[in-house]
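Asks: Structure provided below as C-alpha cells; questions to follow.
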Amino acid sequence: SLGRKAPANPSPTLAWDGRALRAQCLLASRWIVISLVYSVVCALGLVGNLLVLYLMKSKQGWRKSSINLFVTSLAVTDFQFVLTLPFWAVENALDFNWLFGKAMCKIVSYVTAMNMYASVFFLTAMSVARYRSVASALKNQRRRDPMAGCCSAKWLCAFIWLSAVLASLPHAIFSTTATVFDDVLCLVKFPEGQGSNAQFWLGLYHIQKVLLGFVVPLVIISLCYLLLVRFISDKHVGSTCSGPSIKRRSKVTRSVSIVVLSFFLCWLPNQALTTWGILIKLNVVHFSNEYFLSQVYLFPISVCLAHSNSCLNPVLYCLMRREFRKALKNLLWRITSPSLTTMRAGWGGLNCKQPSHPCVFVCGRERELSCSLPAAGPCKP
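Under our numbering, think of the first position of the sequence shown as 62, with each following residue one higher.
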C-alpha cells in the first residue's frame, strides 16, 4: 500500500497552500478520467472478444488448427479479464477506496492476476505456433495431421491455464482489505511477524510477476517473430520475387512489428514501475519522494495502459487476418440484409421464368443475396 495514497491529514501549511489544493483537484480529476478509460476499455473488450468467440464458433473448420485454438482461448481469457475492470474503475474513481468487501477483493484480485498471466502465456504460445506453421509451410514439408496438432494444442492450453492458476495463487491467499489513512484498500498483504518480512516476500512475488508476465514472454515473442521475418527473407534471397510476394512479405513484417510493439508499449511502463518498487522492497535503493510521486500519479496510468491490451488483442490477432475480416463482413451483411430485403419487398413481386436460376425469389425477397444476375437475366418485374 506504500505510495498509493497521499496523507489524508496534511500539515496546516500544505492545507492552505493553493498549489497543493490545485494538485489535489488535478489528482481527483485524473482518477475520474482513468475510470472512464477503464469503462471504455471494458466495453470495447467485451464487444471485441465476444465477436471473436462468435466468429470462431460460427466457422467450425477454423477450430482444427492450433493457432485458432489459442485465439479462442485468448478471447476467453481477455473476456474474463475485462469483466473485472468495472471494479477497478470504481476503486479509481473513489481514490482507491474499496467498497466491495474482503471476499470480492480476493476474487477480483485473483481473477485479474490469473487472466493476466493466461493472456500473456497464450500470446507467447501463439507466437511459437505462428512461427512453426509458417516455417513448415515454406519448407514444403509433408502436411501434418491438423487434428494431431489440435490435440497437442489442447494439452498445451490446459498446461497454460494450470500455470496461470499456480502463478496467481498469492492473490488468492494473501489478497485482503486493509485500512490506510482512513480508507479501505484492496491489496496483496503477506503475513508479517516471527522473522517474516512482508515487504521481502512481496518483492519476490513482484520479481515473479515481472519475469513470467513480461521479460520471458517478451523474449520468446520477439525471438519467434525475428526468426519468422529472417526465415521469410532468407527464403527469397537469390530468387526473383514478384510484386505480390514482396507485398506479402512487407505485410507480414508490418504485422509482426505491430504485435511486438503493442505488447511492449502496453506493459513496459507498469513493469518498469514494478521493478523500481522491487528494488525498494529488497532495500537495493532507498525510498524517495520521486518513487512516491510515481506511484501516486504514474502507476495507475500504467495499470490502465496494461489493461488496455486486452481490447487490442482481438484487433491485432483476429481482425488483421483476412479470413476473419471476410467473416466479419458476412456477419455485418447478414445483420443488415433484413432491412435490404424489406426494401426489395416493397418494390413489388417478382415473376421468375426459370426457377432453376441460382437467384430464387419468393414473395419478392431474395433467398440468396450474394448472387448476381446476368445482364439479361431470366427474372423480370
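C-beta: ideal position from N, C-alpha, C; glycine also.
Which full runs of the beta strand (DSSP E) of 3+ residues lie inside the region 307-392, going along the chain?
Replies: Whole beta strand (DSSP E) segments, 3+ residues: zero.
Asks: Can you name, in chain order, every residue of its own chain whose Cβ lies under 8 Å from the Cβ of Asn-370, other than the five neighbours on each side?
Replies: Ser-180, Ser-323, Phe-324, Cys-327, Trp-328
Asks: Going by C-alpha distance, which of Ile-168, Asn-158, Ala-196 is nearest Phe-292?
Replies: Ala-196
Asks: First and last residue of the alpha helix (DSSP H) that includes Val-271?
Replies: 259-271
Asks: Any idea if Lys-342 is buried or exposed, counting beta-carbon neighbours within 10 angstroms, 16 or more meaning buried?
Replies: buried
Asks: Check whether the Cβ atoms of Asn-158 and Val-98 lie closer than 8 Å to each other.
Replies: no
Asks: Any idea if Arg-191 is buried or exposed, counting beta-carbon neighbours within 10 angstroms, 16 or more meaning buried?
Replies: buried
Asks: Could you tell me if Asp-243 is buried or exposed, where buried requires 16 or more neighbouring beta carbons within 10 angstroms of its beta carbon?
Replies: exposed
Asks: Tell me, please, which residues DSSP counts as bridged to Thr-238.
Replies: Cys-247
Asks: Can you list, in chain order, the residues of its chain with a C-beta nearer than 6 Å to that of Cys-365? Leave out the 5 residues immediately preceding and following it.
Replies: Ile-95, Val-98
Asks: If we ignore side chains and look at the alpha-carbon of each, how far apart do Gly-274 and Ser-229 end up?
Replies: 11 Å
Asks: Would you say Ile-282 and Thr-185 are within 8 Å of each other, going by their C-beta atoms?
Replies: yes
Asks: Is the distance from the Cβ of Cys-218 to the Cβ of Ser-126 below 8 Å?
Replies: no
Asks: Indicate whether Val-102 and Leu-146 have their beta-carbon atoms separated by less than 8 Å.
Replies: yes
Asks: Would you mind giving the Cβ-Cβ distance between Leu-334 and Ser-363, rounded to the nearest angstrom? I have them listed as a contact below 8 Å.
Replies: 6 Å
Asks: Determine the burial state of Ile-128: buried for a count of at least 16 other Cβ atoms within 10 Å of its Cβ, exposed for fewer.
Replies: buried
Asks: So, is Ser-119 buried or exposed, given that buried needs 16 or more other C-beta atoms within 10 angstroms?
Replies: exposed
Asks: What number of angstroms, rounded off, separates the C-alpha of Leu-321 from the C-alpha of Leu-155?
Replies: This sequence places Val at residue 321; Leu is not what is there. Their backbone Cα atoms lie some 34 Å apart in a straight line.
Asks: What is the DSSP secondary structure of Ser-188, counted as helix, strand or coil?
Replies: helix
Asks: By the 10 Å Cβ neighbour count, where 16 or more other Cβ atoms means buried, how is Pro-278 classified, buried or exposed?
Replies: buried
Asks: Among the residues of its own chain, which have a CB less than 8 Å from the CB of Trp-262, if the five just before and after it don't count?
Replies: Phe-251
Asks: Just to check my reading of the structure: Phe-182 and Ser-213 have Cβ atoms closer than 8 Å, yes? What is that Cβ distance to the nearest angstrom?
Replies: Their Cβ separation, rounded to whole angstroms, is 16 Å, which puts Phe-182 and Ser-213 out of contact at 8 Å.
Asks: Around the Cβ of Tyr-286, are there at least 16 other Cβ atoms within 10 angstroms (buried) or fewer (exposed)?
Replies: buried
Asks: According to the neighbour-count rule (16 or more other Cβ atoms, all chains shown, within 10 Å of its Cβ), is Ile-396 buried or exposed?
Replies: exposed
Asks: At the level of alpha carbons, what is the spacing between Leu-359 and Trp-394?
Replies: 44 Å
Asks: Between Val-172 and the rest of its own chain, which residues show a CB-CB distance below 6 Å, the 5 nearest in sequence each way excluded?
Replies: Thr-145
Asks: Please report how far the alpha carbon of Asn-485 lies from the alpha carbon of Leu-389, in whole angstroms.
Replies: Any question about residue 485 goes unanswered here, given that the chain covers just 62 to 442.
Asks: With distances taken Cα to Cα, identify the nearest neighbour of Gly-109 among Val-271, Trp-92, Asp-139.
Replies: Asp-139
Asks: Note down the Cα distance separating Ile-234 from Ser-398, rounded to an integer number of angstroms.
Replies: 52 Å
Asks: For Val-280, count neighbouring C-beta atoms within 10 Å of its own C-beta (all shown protein chains included) and say buried if the count is 16 or more, exposed if not.
Replies: Per the 10 Å Cβ criterion, exposed.
Asks: What residue from Gln-141, Phe-220, Pro-231, Asp-295 has the CA that sits closest to Gln-269's CA?
Replies: Pro-231
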